[in-house]
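Visitor: Here the protein sequences come in this chain order: P and E.
With the numbering used here as the guide, the letters of the first sequence map in order to residues 14 to 182.
With the numbering used here as the guide, the letters of the second sequence map in order to residues 14 to 182.
All C-beta atoms, glycine included, are put in the ideal place defined by N, C-alpha and C.
2 protein chains.
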Amino acid sequence: MAAVRIRGKRERAAKRGPAAAAYVLEQQVGFLLRCAHQRASEMFKAVMGDFGITPRQFAALAKLDDLGSVSQNQLGRLTAMDPATISGVIARLSARGYVRQSSDPRDGRLRALGLTAAGEQAITAMKGVAAEVSERTLEPLSNAEADAFFKALCKIGATSCLPPQSSRN
Amino acid sequence: MAAVRIRGKRERAAKRGPAAAAYVLEQQVGFLLRCAHQRASEMFKAVMGDFGITPRQFAALAKLDDLGSVSQNQLGRLTAMDPATISGVIARLSARGYVRQSSDPRDGRLRALGLTAAGEQAITAMKGVAAEVSERTLEPLSNAEADAFFKALCKIGATSCLPPQSSRN
DNA sequence: GGGGGATTGTTCGTATACTAACAAGAACAG
DNA sequence: CTGTTCTTGTTAGTATACGAACAATCCCCC
Chain P
14 MAAVRIRGKR ERAAKRGPAA AAYVLEQQVG FLLRCAHQRA SEMFKAVMGD
64 FGITPRQFAA LAKLDDLGSV SQNQLGRLTA MDPATISGVI ARLSARGYVR
114 QSSDPRDGRL RALGLTAAGE QAITAMKGVA AEVSERTLEP LSNAEADAFF
164 KALCKIGATS CLPPQSSRN
Chain E
14 MAAVRIRGKR ERAAKRGPAA AAYVLEQQVG FLLRCAHQRA SEMFKAVMGD
64 FGITPRQFAA LAKLDDLGSV SQNQLGRLTA MDPATISGVI ARLSARGYVR
114 QSSDPRDGRL RALGLTAAGE QAITAMKGVA AEVSERTLEP LSNAEADAFF
164 KALCKIGATS CLPPQSSRN
């Protein structure tokens, strides 16, 4: 029954023809998303390379800078990372002296995170050029295309990891 | 100097205002692409879970099925994977009995890859439902939005990993 | 007020990614 | 031929992702 809705929804997936060979990898959204994401990571490295930081580590620092102090799990949710993943990211940022961990007196389970002076300084410098990553990534698109792309991306991805996001601007 | 073109290109990144705090993580394309990609991977797992296969392994099998036989590096390029990455993917697919490797008499460096009978059978069954992954991922978008999104994704990602793709359908 | 259930973090294991350093083979210039 | 260069594939090391199993807490309800 799902097939019905599917067939009706987008003719790109039409594959009732002669050979069922109508499946084209390069036309699958997941595949294209992976390529685009890899591309964006390249841009990140090109622009932020000097800081020797990864996109996820940057995301964690940026969010910590915004919020001042949060628990590890909370930060993970805000940056779309697993508890297991954020754990590793924070460990590396701590080892690097950018993040400080303390325990919450109210709740023994929490690890209250915050930026160190070095961390604040670093993220401030990084934020200064970080916007260029988005610019470069969106370069092949016109302004209108970029806006539409941006909105579509929010609809697809925001469902899972982000808190309801008011479309700023 | 780059800043000039950048500032002119999209006002979203305008951040000359009072506080330079105008940087919002959730508005960065790279971040949103990561979220969307994670979302698409979820969909893949939801739809293809029964086959116990990952998106990349599926991509490799699908391409092998299309081409019949290619070298490992070639397959990696076509599926947007590093030599190091495709190496591991093929190793796992071989261990599973889906892929067969032989050496090319003309060129001793190449590892000619091909599907085994089990591999062919598996990928055929998988292709039957794989289209649903894209459908589900694009569900939050209207047809028009999905088309625009698709085109934008191609422009952004295709530059790096895909051979010039004629959008035949 | 104590126990069951939910939350927070950690650890383990597997699968990507990508860099760097290498070994082999092929291509090609001279 | 021979040396240089390019391509292919491997291996080692680092950083994500994510499922699963766990210990420590916390919270809420009977």
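Rounding to the nearest angstrom, what Cα-Cα distance links Ala26 of chain P and Thr92 of chain P in this structure?
Guide: In this predicted model, Ala26 of chain P has a pLDDT of only 44, less than 50, meaning its place in the structure is not dependable enough to derive any value.
Visitor: Assign Arg23 of chain E to one of two classes, buried (16 or more other C-beta atoms within 10 Å of its C-beta) or exposed (fewer than that).
Guide: Confidence at Arg23 of chain E is low in this model, with a pLDDT of 46, below 50, so its placement is unreliable and no value can be given for it.
Visitor: Is it true that the CB of Ala49 of chain P sits closer than 8 Å to the CB of Gly170 of chain E?
Guide: In contact: Gly170 of chain E and Ala49 of chain P (Cβ atoms closer than 8 Å).
Visitor: Using 8 Å for Cβ pairs, my map puts Ser116 of chain E next to Ala125 of chain E. What's the rounded Cβ distance?
Guide: Indeed, because the Cβ distance is near 7 Å, the residues count as touching under 8 Å.
Visitor: In terms of residue numbering, what span does the alpha helix (DSSP H) encompassing Gly43 of chain P cover?
Guide: Start and end: Val42 to Met61.
Visitor: Return no unless some Cβ of chain E is closer than 8 Å to the Cβ of Lys140 of chain P.
Guide: Closer than 8 Å: yes.
Visitor: Taking C-beta to C-beta, are Leu38 of chain E and Leu166 of chain P nearer than 8 Å?
Guide: No, they are not a contact pair.
Visitor: Could you tell me which of E:Ser82, E:Gly81, E:Leu88 and E:Val83 sits nearest to Arg69 of chain E, measuring between CA atoms?
Guide: Of E:Ser82, E:Gly81, E:Leu88 and E:Val83, the residue nearest in Cα terms is E:Leu88.
Visitor: Return the first residue and the last residue of the beta strand (DSSP E) that Ala125 of chain P is part of.
Guide: It spans Arg124 to Leu128 - the beta strand (DSSP E) in which Ala125 of chain P sits, taken as one unbroken run.
Visitor: Under 8 Å, do Gly132 of chain P and Leu74 of chain P count as touching if we go by C-beta distance?
Guide: It is a contact, given that the beta carbons lie within the stated cut-off.
Visitor: Assuming Leu123 of chain E contacts Val112 of chain E (C-beta within less than 8 Å), just tell me the rounded distance between them.
Guide: Not confirmed; about 15 Å, so no contact.
Visitor: When Cβ atoms are compared, which residues of the segment 42 to 73 of chain E fall closer than 9 Å to chain P?
Guide: Within the segment 42 to 73 of chain E, the residues whose Cβ lies closer than 9 Å to some Cβ of chain P are Val42, Gly43, Phe44, Leu45, Leu46, Arg47, Cys48, Ala49, His50, Gln51, Arg52, Ala53, Ser54, Glu55, Met56, Phe57, Pro68, Arg69, Phe71 and Ala72, listed in chain order.
Visitor: Considering just the uninterrupted stretch of the beta strand (DSSP E) at Ala112 of chain E, what are its terminal residues?
Guide: This sequence places Val at residue 112 of chain E; Ala is not what is there. Start and end: Val112 to Ser116.
Visitor: Does the CB of Ile187 of chain P have a neighbour CB from chain E at under 8 Å?
Guide: Because chain P in this structure spans residues 14 to 182, residue 187 of chain P falls outside the shown range and cannot be described.
Visitor: What residues from the segment 146 to 159 of chain E come within 7 Å of chain P, judged by C-beta to C-beta, listed N to C?
Guide: So the close ones are Val146, Ser147, Glu148, Thr150, Leu151, Pro153, Leu154, Asn156, Glu158 and Ala159.
Visitor: DSSP on Gly37 of chain P, reduced to helix/strand/coil?
Guide: Checking the sequence shown, residue 37 of chain P turns out to be Val, not Gly. Looking at Val37 of chain P - three-state DSSP - the assignment turns out to be coil, as it is neither helix nor strand.
Visitor: If I measure Cβ to Cβ from Met56 of chain E and keep anything under 7 Å in the same chain, skipping five residues before and after, which residues do I get?
Guide: Result list for Met56 of chain E: Val146, Arg149 and Thr150, in chain order.
Visitor: Consider the Cβ of Tyr229 of chain P: report whether some Cβ of chain E lies at a distance smaller than 8 Å.
Guide: Because chain P in this structure spans residues 14 to 182, residue 229 of chain P falls outside the shown range and cannot be described.
Visitor: With a 10 Å radius around its C-beta and 16 neighbouring C-beta atoms as the bar for buried, classify Phe162 of chain P as buried or exposed.
Guide: Under this definition Phe162 of chain P is a buried residue.
Visitor: In its own chain, which residues sit with a C-beta less than 8 Å from the C-beta of Arg52 of chain E, not counting the 5 before and 5 after it?
Guide: These residues qualify, in order along the chain: Thr150.
Visitor: 8 Å is my cut-off, CB to CB: does Ala125 of chain E come that close to chain P?
Guide: Not an interface residue.
Visitor: Which word fits Lys58 of chain P, buried or exposed, when buried means at least 16 other C-beta atoms lie within 10 angstroms of its C-beta?
Guide: By the neighbour-count rule (16 or more Cβ atoms within 10 Å), Lys58 of chain P is not buried but exposed.
Visitor: Is the shortest distance between the beta-carbon of Leu166 of chain E and the beta-carbons of chain P less than 8 Å?
Guide: Leu166 of chain E counts as touching chain P.
Visitor: How would you label Ala97 of chain P, buried or exposed, when you count the other beta carbons within 10 angstroms and need 16 or more for buried?
Guide: Ala97 of chain P comes out exposed.
Visitor: What residues from chain P crowd round Leu77 of chain E, counting only those whose CB sits closer than 8 Å?
Guide: Correct list: empty, because the minimum Cβ distance to chain P is about 11 Å.
Visitor: DSSP on Ser82 of chain P, reduced to helix/strand/coil?
Guide: Three-state result, Ser82 of chain P: coil.
Visitor: When you compare the CB of Ala135 of chain P with every CB in chain E, is at least one pair closer than 8 Å?
Guide: Cβ-Cβ to chain E under 8 Å: no for Ala135 of chain P.
Visitor: What residue range is occupied by the uninterrupted alpha helix (DSSP H) comprising Gly101 of chain P?
Guide: Taken as a continuous stretch (DSSP letters only), the alpha helix (DSSP H) holding Gly101 of chain P covers Pro96 to Ala108.
Visitor: Under 8 Å between C-beta atoms, does Leu80 of chain P make it to chain E?
Guide: No - not a single Cβ of chain E is within 8 Å of the one on Leu80 of chain P.
Visitor: For Val60 of chain P, I'd like the list of residues in its chain whose CB is within less than 7 Å of its CB, leaving aside the five on either flank, ordered along the chain.
Guide: Here the set comprises Val142, Glu145, Val146 and Arg149.
Visitor: Please confirm if Ala104 of chain E has its CB atom under 8 Å from at least one CB of chain P.
Guide: With 8 Å as the cut-off, Ala104 of chain E does not count as an interface residue toward chain P.
Visitor: Select from P:Lys76, P:Ser84 and P:Phe44 the residue whose C-alpha is nearest the C-alpha of Asp120 of chain P.
Guide: Asp120 of chain P has its Cα closest to that of P:Ser84, out of P:Lys76, P:Ser84 and P:Phe44.
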